[in-house]
Structure formats: C-alpha cells, structure tokens
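For reference, the structure discussed in these notes is given below.
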Amino acid sequence: MPAEKSSRGIQSIEVGGQLLLALAHQGRPMALKDLAREAGMAPAKAHPYLVSFCKLGLIEQEAGSGRYGLGPLAMQLGLISLQQFDPVRMATPLIEDLAASTGHTMAIAVWGNRGPTIVRVAEAPSPVHVAMRHGTVMSLRGTASGWLFAAYRSGNEVQSVLALEAASAAEGALRLDDQAFQAKLAEIRVQGMARVVDQAIQGVSALAAPVFDGQGQLLLSITGIGPSATFDTAWDGALAGAIRDCARGLSRQLGAKI
103 MPAEKSSRGI QSIEVGGQLL LALAHQGRPM ALKDLAREAG MAPAKAHPYL
153 VSFCKLGLIE QEAGSGRYGL GPLAMQLGLI SLQQFDPVRM ATPLIEDLAA
203 STGHTMAIAV WGNRGPTIVR VAEAPSPVHV AMRHGTVMSL RGTASGWLFA
253 AYRSGNEVQS VLALEAASAA EGALRLDDQA FQAKLAEIRV QGMARVVDQA
303 IQGVSALAAP VFDGQGQLLL SITGIGPSAT FDTAWDGALA GAIRDCARGL
353 SRQLGAKI
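Numbered according to my numbering, the sequence shown terminates at residue 360, and the numbering increases by one at each position without gaps.
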C-alpha cells in the first residue's frame, strides 16, 4: 500500500521561522531583544536559532552594532523567487475562481504604452456576460480599470494617456489637476478600488481592485464586469469584498505590506 502523505511538520523549524518572518516584515536589521519580541519569544530562546541561521547564511550579524539582518542565502532565495514570479500567471487562476463564484466576468489589466490593457479574461459561467477581449485598451475616464490606474500610476504617465485619449476623441485634454478628476481619484484611494456604473456602456457596471508589488507599485488590476441590473457595485457589498480580498491576497504574495 502506498504510504499516506503527512502534513505534520517540524515544530522547531516553524518556531525559528518566526524570526525570519519578523525580519522580512520589518525590512531592516534588528537587535536581538527587538527581533525576539517581534517573533514572540524570549531572547535566550531566539539566540540559538539565530546562530544556526547565521551558519546557513539565512541571517547575518553586523560586526559593529550586533544587529541581525537577512543574509546572503536569503538574498539568493529572494532573487530566485522574483525570477519565478509572474504576476499575471499567478492572477489567472484567481480570476477564474472569482468568475465561477460570483457569476460575473473577471479580467486582468496591466499598464501598456497606451494605458490599461486587458491581458486575461475569465468569462462568467452564466449565459449573460459582458465580453472583453485580450489586448483591449481601457479608457482612463470610462472604465473601472482606467480609473484605478489613474489613481495609482505616476502623474506623468496618466497625463500622457489622457492626452492620447483626448486626441483620439477630438476633444479637449483633461488636466491632471482638474478638481473633479482629483476628487474621483481620492475616492478610489480611500475605498481601495474603482467602480463605474453605466459609464462607458449603458447597462454595464464594473469594479476594479489594485495588485501591488513589494515596493508599493501598482502591477495590475483585478476587474469584475457585468450587467448593471445584477452587478452589485456597493463599496461594502459581497462582490466588492471578494474582488478586494483577491487583489490583497495576491499583493501579499508579491511582497506588498498591506
């Protein structure tokens, strides 16, 4: 008979791992007493773990101050992890699960040379859905994805895309310092997501939440879209919560401290 797989781990490794987690969370070298406190253990208990981690290269101790920081092996593991990370690949199964659980179409948008661009779509399982195509560039002022990127990308990038949109629509360019525009962006930052109701297309609504990296930069949006009649756009609604939770969970995987 095949051996049963066990989920039992090694407790001492899990306990010592709290020291690594504390260092990663603080992002700076720490004194023994401070590091031990953050890891929830006494300094005398923490010290033997730190000695072993230093021998492995996971942690190193500063010669002058005696503080402990992440070591060369931790840095190497971090670089390898970054090379393996593909945020779009990581987000794809998440939007598929969201589409299945919410009944609405979900999409991933990234910042392209002409603005927010759809790169993945998970269609709703129900017969009624709103079609979005890969490669579609989303309007900054007409879509939830667009408003989200406008709120979190640099001012120069946003102004450039606003100028492109104005030129293609043969209308006056909107200035980034327009009061109404800035008020909308401020609301998005407070709510942690963007929404539109019957804006770009009558009868269609959308919600978009940001995914950040470890430096706090916006990498992509998780966007839900559907018929306004059945699409709950309430900031505190179940749909908004599901999209927010998905984006925040992925942000944490990518190193964001949120």
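For each residue, glycine too, the CB sits at the ideal point set by N, CA and C.
Taking C-beta atoms as the reference points, Ala246 and Ala308 count as a pair closer than 8 Å. In this structure, the CA atom of Arg130 is about 6 Å from the CA atom of Gly171. The three-state secondary structure of Gly237, taken from DSSP, is coil. Around the beta carbon of His236, a 10 Å sphere encloses fewer than 16 other beta carbons of the protein chains shown; the residue is thus reported as exposed. Per DSSP, Phe333 is not a residue of any beta strand (DSSP E), being assigned neither H nor E. Within the same chain, and ignoring the five residues on either side of Ala176 in sequence, the residues whose Cβ sits closer than 6 Å to its Cβ are Leu160. Taken through DSSP and simplified to helix, strand or coil, Thr325 comes out as strand. Pairing Ser330 with Asp300 gives a Cβ-Cβ distance under 8 Å. When secondary structure is reduced to three states using DSSP, Glu162 falls in the strand class. Between Val263 and Arg222, the CB-CB gap reaches or exceeds 8 Å.
Closest in alpha carbon position to Leu352, among Thr194, Gly119, Met143, Gln128, is Thr194.
Here Gly142 has Gln120 as same chain residues with Cβ atoms under 7 Å from its own Cβ, once five neighbours each way along the sequence are excluded. Annotation for Leu134: Pro145 place their beta carbon closer than 6 Å to its own, counting only its chain and skipping 5 residues before and after.
At least 8 Å separates the beta-carbon of Gly244 from that of Ala285.
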